[in-house]
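Taking it in order: structure first as structure tokens, then the write-up.
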Amino acid sequence: MAVVGGGLTGVEMAAEIAEGGGGHRVSLITAGSLGQGFLRKGRDHLRTVLTSRGVRVEEGRRVAGADDIEADAVLWAASMAAGTELAGLGGLSLAPSGRIAVDPALRSVSHPEVYAAGDAADARSVVAGPLRMACATALPAGSAVASAIVAEMRGEEPHPLSFGFVILCVSLGRHDGLVQFVRPDDSPRDAVLTGRPAAWVKEQIVRSTVRFLRLAARAPWAVPLIPGIGH
């Protein structure tokens, strides 16, 4: 099996498949270098874990499609793009990234009565600057949009999105992982967490997405009290 893409999705899939056994020979193909965005210690850990599980890592290899790869199955994780075609057809202005162009309060720049959040929005934070596509971005952005709509209903001006990153993490199977601590603007700090503790942190983050939604449904008044989430 070949996994194309050296980003977080590709790395996680390669590690999970290799750990799952079944006699699969796994290759991870990336046009760039493995672990971009992580410090050297983190990149070395990624490579060590994948290699120890028999994953063949091919860096600096560009492929146009699955036909370029000799494998029984190909999992394509080489790029990430928001599905905003319908928004564009509907007349919403799109940013050069292909995502919906929004103002600091996440309103469409062409249709201010429309809000956008998550991967679909070309969002910026007053703290972090441009925001990458991730659940770490989508949840606070969604909360901020809800707060903005409530503010408008009260005749108030919505606050600009204020959110900063804390970590960048990736799971490497069920028993290993990598957590890169980052500054609010998403630049790496000189600190990483690896092994089982990192896997535990990643698992809690995944579970927290559901917990956050349950909290928002049961106690919406508490959501703005979470640091970095809404206003």
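Residue 572, in the working numbering, is where the sequence shown stops; the numbers in between run on with no holes.
Beta carbons: idealized from backbone N, C-alpha and C, even for Gly.
Because the structure is a prediction, the values reported are computed rather than measured.
The stretch 349-366 in contact with the stretch 491-506 per 3-pair CB rule at 8 angstroms: No: the two stretches stay apart, fewer than three of their Cβ pairs being nearer than 8 angstroms.
| field | For proline 529 and glycine 518, the rounded distance between their alpha carbons | value | Just so you know, the alpha carbons of glycine 518 and proline 529 end up roughly 17 angstroms apart.
* For leucine 427 and arginine 440, the rounded distance between their alpha carbons -> Straight through space, the alpha carbons of leucine 427 and arginine 440 are spaced by roughly 11 angstroms.
Hey, could you find the ends of the alpha helix (DSSP H) glutamine 545 is sitting in? Its alpha helix (DSSP H) spans residues 536-559.
Beta-carbon within less than 7 angstroms of proline 501's beta-carbon, same chain only, minus the 5 sequence neighbours each way: which residues are those? Answer for proline 501: Pro445, Ala446, Val467, listed in chain order.
- Query: Considering only residues of the same chain and omitting the five flanking positions on each side of leucine 375, which have a CB-CB separation below 7 angstroms?
  - Reply: Scanning its chain for C-beta atoms nearer than 7 angstroms, with the 5 sequence neighbours on each side dropped, one finds around leucine 375 the residues Gly347, Arg384, Leu387, Arg388, Val398, Glu400, in chain order.
| Does the distance from the C-beta atom of glycine 459 to that of aspartate 526 stay below 8 angstroms? | Taking 8 angstroms as the cut-off, the beta carbon of glycine 459 is found no closer than this to the beta carbon of aspartate 526.
Inset, instruction - List the whole-angstrom C-beta distance separating cysteine 476 from threonine 425, where the pair is believed to meet the contact cut-off of C-beta under 8 angstroms. - result: Wrong, their Cβ atoms sit about 18 angstroms apart, outside the cutoff.
Integer-rounded CB distance, given that leucine 369 should sit under 8 angstroms from leucine 391 | Indeed, because the Cβ distance is near 7 angstroms, the residues count as touching under 8 angstroms.
*Do you know how far the Cα of glutamine 377 is from the Cα of valine 520?*
If you draw a straight line from the Cα of valine 520 to the Cα of glutamine 377, it is about 13 angstroms long.
*To the nearest angstrom, how far is it from the Cα of glycine 571 to the Cα of phenylalanine 504?*
Caution is warranted here: a pLDDT of 46 is assigned to glycine 571, below 50, making its placement in the model unreliable, and no coordinate value can be reported.
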